[in-house]
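Colleague:
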Amino acid sequence: MTLVAPAEAAKKPAETAPVLNVGHRGASGYAPEHTIPAYDLALKMGADYIEQDLQLTKDGVLVALHDETLDRTARPTAESAPGDCTGLVREKTLAQIKTCDVGSWFNETYPQYAKPEYVGLRIPTLEEVFQRYRKSTNYYIETKSPESAPGMEEELLRLMDEYGLTKPAADRWQVLIQSFSPASLQKVHALDPSLPLIQLFSGAETSQTIQARLDATAAYAVGIGPSKGDVDKPLVDAAHARCLDVHPYTVNETPEMEKLISIGVDGMFTNFPDRLEAVLDKEAANGKSGARLAADASESCRAGIGV
1 MTLVAPAEAA KKPAETAPVL NVGHRGASGY APEHTIPAYD LALKMGADYI
51 EQDLQLTKDG VLVALHDETL DRTARPTAES APGDCTGLVR EKTLAQIKTC
101 DVGSWFNETY PQYAKPEYVG LRIPTLEEVF QRYRKSTNYY IETKSPESAP
151 GMEEELLRLM DEYGLTKPAA DRWQVLIQSF SPASLQKVHA LDPSLPLIQL
201 FSGAETSQTI QARLDATAAY AVGIGPSKGD VDKPLVDAAH ARCLDVHPYT
251 VNETPEMEKL ISIGVDGMFT NFPDRLEAVL DKEAANGKSG ARLAADASES
301 CRAGIGV
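If you read the sequence shown in UniProt numbering, its first letter stands for residue 1, the second for the next number, and so on.
#1: Considering only C-alpha positions, which residue in the set 247, 174, 277, 272 is nearest to residue 264?
#2: Since residue 65 and residue 89 are thought to touch, with beta carbons under 8 Å apart, how far apart are those beta carbons, to the nearest angstrom?
#3: Going by DSSP in three states, residue 17 sits in which element: helix, strand or coil?
#4: What distance in whole Å lies between the Cβ atoms of residue 235 and residue 210, which are believed to be in contact at a cut-off of 8 Å?
#5: Since residue 154 is in the alpha helix (DSSP H), which residue starts that stretch and which ends it?
#6: Can you name the start and end residues of the beta strand (DSSP E) that residue 56 belongs to?
#7: Cutting at 6 Å between CB atoms, please list the residues of its own chain near residue 152, excluding the five before and the five after it.
#8: Alpha carbon to alpha carbon, what distance is there between residue 285 and residue 7?
#9: Should residue 191 go down as buried or exposed, given a rule of 16 or more other Cβ atoms within 10 Å for buried?
#10: Please look up how many angstroms separate the CB atoms of residue 92 and residue 58, rounded, as I've assumed it's under 8 Å.
#11: Taking the alpha carbon of residue 244 as the point to measure from, which residue in 260, 227, 223 has its own alpha carbon closest?
#12: Give the secondary structure of residue 272 by DSSP, where H, G and I count as helix, E and B as strand, and everything else as coil.
#13: Going by DSSP, what residue range makes up the alpha helix (DSSP H) through residue 311?
#14: Is it true that the stretch 169 to 180 meets the stretch 282 to 300, where meeting means three or more beta-carbon pairs spaced less than 8 Å apart?
#15: Per DSSP, what kind of secondary structure is residue 260 in: helix, strand or coil?
#16: Check each candidate in 255, 282, 50 and name the one with the smallest Cα separation from residue 137.
#17: State the DSSP-derived secondary structure class of residue 118, mapped to helix, strand or coil.
#18: Nearest chain D C-beta to residue 303 closer than 9 Å, yes or no?
#19: If you drop the 5 nearest sequence neighbours on each side, which residues of the same chain put their C-beta closer than 7 Å to that of residue 290?
#20: Between the stretch 297 to 307 and the stretch 32 to 43, can you find at least three pairs of beta-carbon atoms closer than 8 Å?
#21: Under a Cβ-count criterion, where at least 16 other Cβ atoms within 10 Å of its own Cβ denotes burial, should residue 183 be classed as buried or exposed?
#22: State the Cα-Cα distance for the pair residue 106 and residue 280, rounded to the nearest angstrom.
#23: Looking at residue 94 and residue 130, is the spacing between their C-beta atoms short of 9 Å?
#24: Would you call residue 225 buried or exposed, if buried means 16 or more other Cβ atoms sit within 10 Å of its Cβ?
#25: Per the DSSP calculation, residue 88 is bridged to which residue(s)?
#26: Report buried or exposed for residue 101, applying the criterion of at least 16 other Cβ atoms within 10 angstroms of its Cβ.
#27: Taking the Cβ atom as the reference point for each residue, do residue 217 and residue 194 lie within a distance shorter than 9 Å?
#28: What separation, rounded to the nearest whole angstrom, lies between the Cα atoms of residue 23 and residue 273?
#29: Is the beta carbon of residue 142 within less than 8 Å of some heavy atom of the ligand MN?
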C-alpha cells in the first residue's frame, strides 16, 4: 500500500461524509439495551445505525445480547425453569433464553427512565431484528467472543444473504461488521471480501499501540473502533492516511462529542443518540444516505491511494 501524507489524507472523511450516529445497543441510556424498544427509540432519536452484539445459543441461533452470560440483564419469569436465565448463553437453547425477562433489570437500575412496558421484554434473535427493520435501517453488528462460538460468522453471513443485506452492505455500508477479534474479521473477509469491517480496540490500548497496528488492519477493514479515551488527532490522521474511518465508543457527554468531532472522527457510538443528533444539528446524517456517503468517501479514498 502506498500511503499519502497524513495532512492530505485527513481531509478524507470529514469534508465528504457526515459524522455517523450509532445507537450503542440501541438507545440504551433510555431503554433496556438490545431490545426492540431500544432500537426503535434510537432510530426515532436520529441514530444512523443500530448496534447488535451477537451471542450464539447452544442450538446455533444468533441473539442480540452484549454479555456472554445472562446474569446481568436477564430475570426468570413464570415460564423459566431453574437456571434458564443465568450462566453462559452458549450453554442455553433459544427456547430457554426466550423465557427470560430483559427489561425489569433496567427499571430497577435506572428508575428515572423506567416504564411498565419494559417488564417482560425478551431477547431478540438477529433474525427477528432483520425481520422487523428489513432494509429500512443500517445495522452495526459485532461478533462477540467468536472463539467460543464456532460458526458465528457463517450464520451471520447466511442471515444477511437471506434478508438481502449482503449487497447493500458491500455497496453502501448498510451493515458494518465489527469485532475485537482480528481472526473473526479475517474469517469474514475470507468468506466475503466485499463486506465492510471495523476492527475494535480495547481500552487497554493507546493511540500509539493502535497506530502500530493500522497497516495490518487496513488489509481487511475499512475502519477502527477505539475506546474514546485513546482517540487523539495523531490517531485520526494516521487512520485517515490509510483510508480507515474512526468510530470511537462509547461517547455519552456533549463536550466529549464536540471534542471528538473537532479532531475529525467519522462517527461514534452513544447510549444517547438524541444528544449526538443535537450536537450535529444541521450536519447530521440522514440514516441510509449518511452510510452511503461514508461508503463512497471510503471507496474514493482507497481508489486515490491505490488500495
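Note that beta-carbon positions come from the ideal geometry of N, C-alpha and C, so glycine has one too.
Modeller: Looking at the coordinates:
#1: Counted from its first residue, the sequence shown places residue 264 at position 264. That would be 247, whose Cα lies nearest to the Cα of residue 264.
#2: Within the sequence shown, residue 65 is the residue found at index 65, counting from 1. Within the sequence shown, residue 89 is the residue found at index 89, counting from 1. The Cβ separation is near 6 Å, so the contact holds.
#3: To locate residue 17, count along the sequence shown from 1; it is residue 17. Per DSSP, reduced to three states, the secondary structure at residue 17 is coil, with no helix or strand assignment.
#4: For this step, residue 210 is matched to residue 210 along the sequence shown. For this step, residue 235 is matched to residue 235 along the sequence shown. With a Cβ gap of about 6 Å, residue 210 and residue 235 count as contacting.
#5: Taking the first residue of the sequence shown as position 1, residue 154 is located at position 154. Start and end: 152 to 162.
#6: One-based indexing of the sequence shown puts residue 56 at position 56. 49 to 56 is the extent of the beta strand (DSSP E) around residue 56.
#7: For this step, residue 152 is matched to residue 152 along the sequence shown. These residues qualify, in order along the chain: 56, 143, 146.
#8: In the sequence shown, residue 7 corresponds to position 7, counting from 1. In the sequence shown, residue 285 corresponds to position 285, counting from 1. Interpretation of residue 7 is limited by its pLDDT of 38, a score under 50 that renders its predicted location unreliable; the figure taken from the coordinates is listed afterwards. If I take the Cα positions, the gap works out to 25 Å.
#9: Start at 1 with the first residue of the sequence shown, and residue 191 comes out as number 191. It counts as exposed.
#10: As a position in the sequence shown, residue 92 is number 92, starting the count at 1. As a position in the sequence shown, residue 58 is number 58, starting the count at 1. Their Cβ separation, rounded to whole angstroms, is 6 Å, which keeps residue 92 and residue 58 in contact under 8 Å.
#11: If you number the sequence shown from 1, residue 244 lands on position 244. Comparing Cα-Cα distances from residue 244 to each of 260, 227, 223, the minimum goes to 223.
#12: The count along the sequence shown starts at 1 and reaches residue 272 at position 272. The three-state secondary structure of residue 272, taken from DSSP, is coil.
#13: The structure shown has nothing for residue 311, since the chain only spans 1 to 307.
#14: yes
#15: Working through the sequence shown from its first residue, we reach residue 260 at position 260. Helix.
#16: As a working note, residue 137 is residue 137 in the sequence shown. The shortest Cα separation from residue 137 among 255, 282, 50 belongs to 50.
#17: Counting from one through the sequence shown, the residue named residue 118 turns up at place 118. It is helical.
#18: This model lacks chain D altogether; it includes just one protein chain.
#19: For the purposes of this step, residue 290 is taken as residue 290 along the sequence shown, with counting starting at 1. The answer, listed in chain order, is 18, 20, 48.
#20: Using a Cβ-Cβ distance cut-off of 8 Å, the stretch 32 to 43 and the stretch 297 to 307 are not in contact, since fewer than three pairs of beta carbons, one from each stretch, lie closer than that value.
#21: Reading the sequence shown from its first residue, position 183 is the one you call residue 183. Classification of residue 183: exposed, given that the 10 Å Cβ count is below 16.
#22: Position 106 of the sequence shown holds residue 106. Position 280 of the sequence shown holds residue 280. Cα-Cα distance, rounded: 28 Å.
#23: On the sequence shown, residue 130 is found 130 positions in, with the first residue counted as 1. On the sequence shown, residue 94 is found 94 positions in, with the first residue counted as 1. No, they are not a contact pair.
#24: Taking the first residue of the sequence shown as position 1, residue 225 is located at position 225. Of the residues assessed, residue 225 falls on the buried side of the cut-off, its CB having 16 or more other CB atoms within 10 angstroms.
#25: Reading the sequence shown from its first residue, position 88 is the one you call residue 88. Residue 88 pairs with 69.
#26: If you number the sequence shown from 1, residue 101 lands on position 101. By the 10 Å Cβ count, residue 101 comes out buried.
#27: For this step, residue 217 is matched to residue 217 along the sequence shown. For this step, residue 194 is matched to residue 194 along the sequence shown. Not a contact, by the Cβ cut-off of 9 Å.
#28: In the sequence shown, the residue the question calls residue 23 occupies position 23. In the sequence shown, the residue the question calls residue 273 occupies position 273. In a straight line, the C-alpha of residue 23 is about 6 Å away from that of residue 273.
#29: Questions concerning the ligand MN fall outside what the structure shown contains, since it holds no ligand whatsoever.
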